[in-house]
Structure formats: C-alpha cells, structure tokens
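Okay, so here's the structure we're looking at.
Numbering (the UniProt record's numbering), first residue to last: 1 to 412.
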C-alpha cells in the first residue's frame with residue numbers, strides 16, 4: 001500500500017492526525033518490510049551449530065542472541081535500515097498530507113506553489129547529496145556483508161519452537177498492532193468512505209477517466225522501461241564485464257533518487273532541451289523509466305541467466321545470425337522474466353505520485369493525482385474511490401506474480 005494511501009486512511013478517520021509523530025508512525029508501518037524481510041532471510045541462514053556452541057560454553061539465551069545471532073544478521077538489519085532511510089527521505093505523499101516540512105515537501109512547495117525554480121533546484125541538490133551519503137553507507141554495509149560466512153552446508157536442525165509463556169499475549173498484540181496499523185486501519189477507512197464517494201453525481205465517469213489515464217500512462221512507462229532494460233539485462237547475463245557493471249550501477253543510482261528530484265530534473269530538461277516532449281505523456285514515461293529501470297533489468301537478467309547459452313550457440317552453429325537468434329531463441333526464453341518485470345514496473349508506475357504531479361500533461365488526472373487533490377482539501381469521501389481502485393489495480397499484478405512464484409515450475 002502506498003504511503004500516501006495509508007496516510008489518507010489514518011488522517012480521514014483520526015482527528016488531528018498531523019505532525020511529526022503521526023507521520024513517523026505511518027512511514028514505520030509502511031516501510032518495516034525493508035528490515036523485516038532481509039532480517040528474516042538472514043535468521044533462516046544462520047547456522048544453529050554456532051548458537052549451540054555458544055550455549056555449551058555457558059552463555060545463556062540472551063548472550064547467545066546478542067553475541068552470536070545478532071552479529072550474523074547485523075549486516076542485513078543495517079542494510080535494511082539504510083534502505084528505510086532512503087525510502088523515508090524520498091517520500092512525498094505521506095509527509096505532504098500529514099503536513100510535515102521535509103526536503104521533498106519544501107522542493108514541491110517552492111516549485112509548484114511559489115514558482116521559485118532556483119530555490120527548488122537548490123533544495124533538490126541538497127536532497128540528492130543526503131541521498132548519495134545514505135546510498136554510499138548502504139553500499140559499504142553490503143561490501144562488509146561477507147564477514148560472517150558458513151563453510152559448507154552447515155548443521156541441519158529442525159526449527160526450535162520457543163515457548164513465550166507470559167510474553168505470548170504481548171507478542172501477539174505487537175503483531176496485531178503492526179497488521180492493524182499497516183493495513184487494517186487504512187483499509188477500514190477506504191471501506192468507510194468509498195460508498196459515499198461513489199454515490200456523488202458524475203463520480204463514476206471521473207473515476208473511470210482517471211483509471212484509464214493511470215493504466216494508459218503506466219503501460220507506456222512499462223513498455224519504455226522494458227525497451228531500455230532488455231539490452232542492459234541481456235548484457236549483464238550474457239557478457240558480464242566492466243560495461244555491464246557500470247550500466248547496472250547507473251540504473252540503481254537513478255532508482256535511489258527521489259521521484260520528486262527526477263521529476264523536477266525532467267521539467268528543466270523538457271523546458272530547456274526537449275520542449276516538444278514537455279507536457280506530454282512521453283516525458284512522464286521517461287521519468288518512470290528513469291526511476292524503475294532496475295526493477296526491469298533485474299527481471300530480464302535473472303530470466304536470461306536461467307536460460308542455457310548452449311541453445312543460442314546451437315542456433316548460431318546452424319547458420320542463424322545474431323538478430324535471428326535474439327528474436328527466435330533468446331527473447332522467447334526470457335519472455336517470463338520480461339512479463340514479470342513489465343508487471344512490476346506497471347504496478348510501481350501506478351503508485352508514483354511526485355513525478356506524476358510534476359510531469360503530467362495539463363488536464364490529465366490519474367488515480368494518484370486525484371487522490372492527492374481531494375485529500376489536500378479534506379474531501380475524504382471524494383478521494384476514497386480513487387484510493388480503493390488504486391489499491392485494487394496495484395494488487396492485481398502482485399497476485400499474478402505471487403501465484404507464479406508459488407506454482408511449481410513458475411507457470412500458473
């Protein structure tokens with residue numbers, strides 16, 4: 001669920017839900033998976049024999065956890081925490097709706113409301129500098145991620161079930177609070193307001209128009225992103241080297257930039273360099289491609305790496321040229337990865353708010369921008385249908401990808 005949808009859910013049913021601490025609460029609920037998922041994966045990979053050795057030397061459960069287990073999962077936890085810092089630093093929708101002055105809100109206010117392009121550019125430059133510092137710290141943590149490594153497969157043990165005893169109820173309450181804060185409360189707000197919002201005269205036509213615009217520009221962004229990702233992903237899988245490494249790093253660098261900064265940069269680019277593209281969907285699609293290219297490159301590279309190069313070599317040995325091999329062998333083999341990457345990029349484009357606000361053509365409204373517009377003036381009933389439809393449309397590709405991942409062989 002996008003942060004601005006979660007913020008809308010909270011602010012629409014809780015009076016006075018504004019300021020620093022409410023914003024921190026919403027962003028925590030929305031970003032905790034960035035720490036939870038890598039930490040859980042690291043815990044699964046921990047060799048239980050190391051914990052058993054620690055306990056055999058007289059250390060209790062707490063000292064074993066802090067001295068052995070925590071040290072092994074610390075790189076994953078720290079890297080996840082730095083990703084959260086990047087995510088929060090680049091967030092715009094939640095902080096703007098909950099009225100907290102941050103870099104992103106200041107940049108948008110200077111440019112869109114104050115018409116101060118120079119001030120917006122200076123603030124955006126400062127935001128990029130802070131982003132690069134956090135990105136450098138995250139890369140440094142990843143480089144040191146190999147300090148703890150298993151030699152061999154490690155000891156295999158059945159999972160040890162820890163009896164919580166009197167801590168069972170507090171643990172369940174904590175888990176329920178996370179589920180309620182991250183999903184249940186915003187979902188309840190959507191259900192509460194949607195029926196009233198749909199009943200407004202002319203609302204269905206407006207919602208349908210916004211949904212069509214969202215899907216159209218997201219499809220255009222996904223197509224452009226996949227077109228750019230194909231050569232980079234195939235190069236990374238088939239010809240790894242300095243060029244592939246540089247291109248891969250550059251795509252991830254742009255992905256780390258806040259959407260507001262990318263959107264503002266393309267506004268200046270469109271006005272001063274490529275004016276025919278300004279105020280067109282193509283410039284917005286270019287922003288999507290700049291922001292979400294790594295998602296597509298990763299999917300294409302993973303699919304290409306799993307397909308055997310021997311099939312391409314066999315086709316070449318039969319006299320087929322490089323382009324024919326690419327069209328008849330390589331692309332069909334990587335088609336599942338291309339489809340997964342396109343679905344993921346489409347989903348992410350649907351949710352992108354700041355770049356869409358800055359670059360959408362005049363008169364074009366999307367689900368995200370309509371939700372933003374109505375929520376900004378506290379028209380919660382009018383905003384709710386857009387939020388509900390945005391969540392539903394965004395969930396569809398996730399369900400398809402989840403079904404594919406859980407099906408043996410990767411085929412639904």
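From the three backbone atoms N, C-alpha and C, an ideal C-beta is built for every residue, glycine too.
Looking only at 290, 8, 336 and 121, the smallest Cα-Cα distance to residue 355 is reached by 290. Around the beta carbon of residue 377, fewer than 16 other beta carbons sit within 10 angstroms, so the residue counts as exposed. Judged by DSSP in its simplified three-state form, residue 274 adopts coil rather than helix or strand. By the neighbour-count definition (other C-beta atoms within 10 Å, threshold 16), residue 163 is an exposed residue. If you ignore the 5 residues before and after residue 346, its C-beta comes within less than 7 Å of the C-beta of 218, 219, 222 and 397, all in its own chain and listed in chain order. Residue 91 counts as buried, since at least 16 other C-beta atoms from the protein chains shown sit within 10 angstroms of its C-beta. The Cβ neighbour count for residue 71, taken over all protein chains shown within 10 Å, is under 16; the residue is labelled exposed. Secondary structure at residue 361: coil, using DSSP grouped into helix, strand and coil. DSSP places residue 279 in the coil class of the three-state scheme, outside both helix and strand. The beta carbon of residue 2 lies closer than 7 Å to those of 93 and 351 in the same chain, with the five residues before and after it left out. A residue is called buried when at least 16 other Cβ atoms come within 10 angstroms of its Cβ; residue 284 meets this threshold and is buried. Spatial neighbours of residue 213 in its own chain (CB-CB distance under 7 Å, excluding positions within 5 residues in sequence) are listed in chain order as 364, 365 and 366. As the crow flies, the alpha-carbon of residue 161 is around 13 Å from that of residue 48. Excluding five sequence positions before and after residue 12, the CB atoms of its chain that fall closer than 7 Å to its own CB belong to 189, 193 and 380, given in chain order. Distance between residue 225 and residue 368, taken at the CA atoms: about 20 Å. Residue 366 carries a coil assignment under DSSP once its states are collapsed to helix, strand and coil.
At the C-beta level, residue 131 and residue 294 stay beyond 8 Å of one another.
By alpha-carbon distance to residue 76, the top candidate from 44, 269 and 60 is 44. When C-beta atoms of the stretch 117-127 are compared with those of the stretch 253-268, three or more pairs fall below 8 Å, so the two segments count as touching.
If you compare the alpha carbons of 210, 320, 34 and 26 with that of residue 4, the shortest gap goes to 26. Residue 276 counts as exposed, since fewer than 16 other C-beta atoms from the protein chains shown sit within 10 angstroms of its C-beta. Close CB contacts of residue 117 within its chain, under the 7 Å cut and outside five residues either way in sequence, are with 111 (chain order).
For residue 184, no alpha helix (DSSP H) run applies, since DSSP gives it neither H nor E. The alpha-carbon of residue 170 is positioned some 14 Å away from that of residue 179. Exclusion of the five residues before and after residue 234 leaves 304 as the residues of its chain whose Cβ lies within less than 6 Å of its Cβ.
One Cα belongs to residue 386, the other to residue 208, and the distance between them is close to 10 Å.
Inter-residue distance for residue 383 and residue 278 is about 28 Å (C-alpha atoms, whole angstroms).
Taking a contact to require three or more Cβ pairs closer than 8 Å, the stretch 48-62 and the stretch 94-109 do not qualify as touching. A straight-line Cα-Cα distance of about 26 Å links residue 287 and residue 242. The alpha-carbon of residue 392 is positioned some 27 Å away from that of residue 89. About 6 Å separates the CB atoms of residue 86 and residue 256; that is less than 8 Å, so the two are in contact. By the neighbour-count criterion, in which 16 or more other beta carbons inside 10 Å mark a residue as buried, residue 66 falls on the exposed side. A straight-line Cα-Cα distance of about 14 Å links residue 186 and residue 28. Looking only at 270, 338, 23 and 78, the smallest Cα-Cα distance to residue 96 is reached by 23. In the three-state scheme derived from DSSP, where H, G and I count as helix and E and B as strand, residue 29 is classed as helix. DSSP places residue 379 in no alpha helix (DSSP H); its state is neither H nor E.
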